[in-house]
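Notes follow the structure.
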DNA sequence: TTAATTATATTAACAATGTTAATATAATTA
DNA sequence: TAATTATATTAACATTGTTAATATAATTAA
């Protein structure tokens with residue numbers, strides 16, 4: 002009986018702790034999506050979460066850990082957006098292209114999320130942290146089904162598919178990096194044109 | 002006579018001012034190549050340059066302006082390295098590939114320079130600042146002659162060349178970004194393998 | 001040549017941010 | 001209810017970029 006009570010008490014503690022962590026995570030997400038990563042700091046986050054800034058350190062090792070906790074949620078949101086935008090595409094390379102464009106547009110809409118995924122230093126976050134791998138393979142994950150479709154329907158073979166996945170991964174962040182961080186090209190229109198050209202060259 | 006003296010005096014002032022700017026630039030370059038961009042700060046730079054930190058603001062608007070002053074020199078150094086490493090390559094796509102690999106290896110050797118070129122926020126540095134454009138077209142510049150050769154020798158046409166240049170620009174920074182900033186892949190060996198595969202797919 | 005002026009450099013100070021230490025408050029347990 | 005533990009807050013400190021106030025050096029004018 003006492004043992005049961007102790008366990009329940011521990012469970013409650015975990016749940017409550019997780020709730021407060023979540024308040025901080027939601028606050029951080031709001032700031033990243035709104036004002037961007039540059040205005041994320043412990044005091045702003047704590048204000049938004051309704052706590053003092055030092056409280057944050059009872060729940061997260063440091064601000065970096067907190068910030069990278071947001072990745073999962075953003076990926077989920079991005080995936081939803083992409084699925085919605087591409088659900089009517091016909092299967093195959095064409096859908097892969099549309100998914101990739103939709104994926105890129107998500108980051109253009111939220112520059113702070115782009116910075117978090119690709120530019121933010123990982124610091125103490127271990128280099129083999131699951132989040133890092135999740136970011137790397139995120140586009141693969143979004144297009145997984147379609148590649149399967151392509152291979153099954155002999156549109157391409159496994160090796161070609163792997164090579165093209167790799168190209169898409171690198172090409173997309175390259176284009177985004179120049180556009181978002183170096184303002185090249187200078188117009189959105191041109192960015193879309195480059196993206197289209199480059200995806201065609203990579204996929205077909 | 003008086004007018005001549007005045008002009009000479011003005012010229013001397015310019016020269017002296019430029020010399021001191023150069024001391025700060027050399028100091029900054031040394032830190033970026035050595036300890037990296039993360040340890041670049043006004044106090045470190047001033048120590049290295051032999052001045053007080055506030056003196057820096059007599060010669061540069063802010064630390065960002067100073068840091069981006071280093072780009073030109075690093076590009077020059079990178080170009081020299083690349084030319085040396087590829088001078089015996091046979092002309093054409095093969096040499097373009099080798100130049101690109103050499104270019105990428107330069108950034109792997111100096112992560113701080115990679116950060117400066119592609120990751121560092123430009124802030125007050127105007128978005129149409131010449132440096133930004135220089136960074137964007139740097140690989141084009143390194144490969145310019147070889148593309149000319151390819152077009153003259155009907156290895157590819159102008160349009161194809163432009164598209165492939167664009168691919169190389171984006172692909173290289175994408176691969177470098179994942180490797181340097183997200184430690185993916187985790188080994189240099191694998192990084193080289195990916196680079197080779199991707200350049201082959203892009204060029205041939 | 002010396003006094004006044006201008007240019008240049010330095011120290012002091014401030015603001016922003018991340019983090020930790022000391023203290024206060026709330027919750028839990030004996 | 002008192003003691004203990006857990007949680008939150010305020011105070012404090014370190015680092016960094018930047019500006020203001022002050023000192024020093026160089027130049028110019030008498």
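Residue numbers (my numbering), protein chains in the order written: chain S, 2 to 205; chain Y, 2 to 205. All C-beta atoms, glycine included, are put in the ideal place defined by N, C-alpha and C. Keep in mind it's a predicted model, so treat the numbers as computed, not measured.
- When DSSP states are grouped into helix, strand and coil, residue 112(S) belongs to the helix group.
- Taking 8 Å as the cut-off, the Cβ atoms of residue 178(S) and residue 108(S) do not count as close.
- The criterion of a C-beta distance shorter than 8 Å is not satisfied by residue 21(Y) and residue 70(Y).
- Burial check for residue 96(Y): the Cβ neighbour count within 10 Å reaches 16 or more, so the residue is buried.
- The alpha-carbon of residue 182(S) is positioned some 24 Å away from that of residue 77(S).
- Secondary structure at residue 183(Y): coil, using DSSP grouped into helix, strand and coil.
- Chain Y places a beta carbon closer than 8 Å to that of residue 137(S), counting this residue as a contact.
- Its Cα nearest to that of residue 185(Y), the residue 127(S) stands out among 127(S), 54(S), 63(S), 44(S).
- For residue 132(S), the three-state secondary structure derived from DSSP is helix.
- Taken in chain order, the whole alpha helix (DSSP H) runs of length 4 or more contained in the region 145-178 of chain S number zero.
- Boundaries of the alpha helix (DSSP H) harbouring residue 85(Y): 64-87, taken from the DSSP string.
- Using beta-carbon distances, residue 164(S) counts as an interface residue toward chain Y, with a partner under 8 Å.
- Look at residue 125(S) here: in three-state DSSP terms it is coil, with no helix or strand label.
- Per DSSP, reduced to three states, the secondary structure at residue 60(Y) is coil, with no helix or strand assignment.
- Counting other Cβ atoms within 10 Å of its Cβ, residue 13(S) stays below 16 and is therefore classed as exposed.
- When Cβ-Cβ separations below 8 Å define contact, residue 189(S) makes no contact with chain Y.
- In the three-state reduction of the DSSP assignment, residue 18(S) falls in the helix class, which pools H, G and I.
- The C-beta distance from residue 203(S) to residue 169(S) rounds to 6 Å, short enough to meet the 8 Å contact threshold.
- With fewer than three CB-CB distances shorter than 8 Å, the region 110-122 of chain S does not count as touching the region 42-62 of chain S.
- Counting the other Cβ atoms within 10 Å of the Cβ of residue 55(Y) gives fewer than 16, which makes it exposed.
- If you ignore the 5 residues before and after residue 86(S), its C-beta comes within less than 6 Å of the C-beta of 103, all in its own chain and listed in chain order.
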